[in-house]
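Just below is one structure, and these are the notes that go with it.
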Amino acid sequence: MKTTNTINTIDINNLCSRKLLEILTINQRLDRLEQESIERELLTRRHYIPELADWRQQAH
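Here's what the structure looks like:
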């Protein structure tokens, strides 16, 4: 994660899938765009698909 002043940006390409899932499921401060980017990356990698489905049901 890069930190610029008080704004945190997530460089999803440089994080492992486990860490991305952790950020997605634990961090309540993600905006919709960040959530969608992480979801899309995990789906592209084909990692944690069942966990993503569970998270979607709980989050929405």
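Just so it is clear: in the sequence shown, position 49 is 1446 by this note's numbering, and no numbers are missing. Built from N, CA and C at the ideal position, the CB exists for glycine as well. Remember, it's a predicted structure, so these values are computed and weren't measured experimentally.
* Within the same chain, show all residues whose beta-carbon is closer than 7 Å to that of TRP1452, passing over the 5 residues directly before and after it, in chain order. => In the same chain as TRP1452, and ignoring 5 residues on each side of it, the C-beta atoms closer than 7 Å to its own belong to LEU1421 and THR1422, in chain order.
* Got a sec: does the ligand NAD put a non-hydrogen atom nearer than 7 Å to the Cβ of HIS1444? -> Here there are no bound small molecules, and the ligand NAD is not part of this structure.
* Asked: Would GLU1436 pass as a contact of LEU1427 if the rule is Cβ separation under 8 Å?
  -> LEU1427 sits away from GLU1436, with the two beta carbons spaced by 8 Å or more.
* Cα-Cα separation, THR1400 to THR1406 -> The pLDDT assigned to THR1400 is 45, lower than 50, so where the model puts this residue is not dependable; a value taken from the coordinates is nonetheless given after this. Taking the straight line joining both Cα atoms gives about 7 Å.
* Near ILE1409, which residues of its chain fall below 8 Å by C-beta distance, leaving aside the five closest residues on each side in sequence? -> Within the same chain, ILE1409 has close Cβ partners LEU1417, SER1434, ILE1435 and GLU1438.
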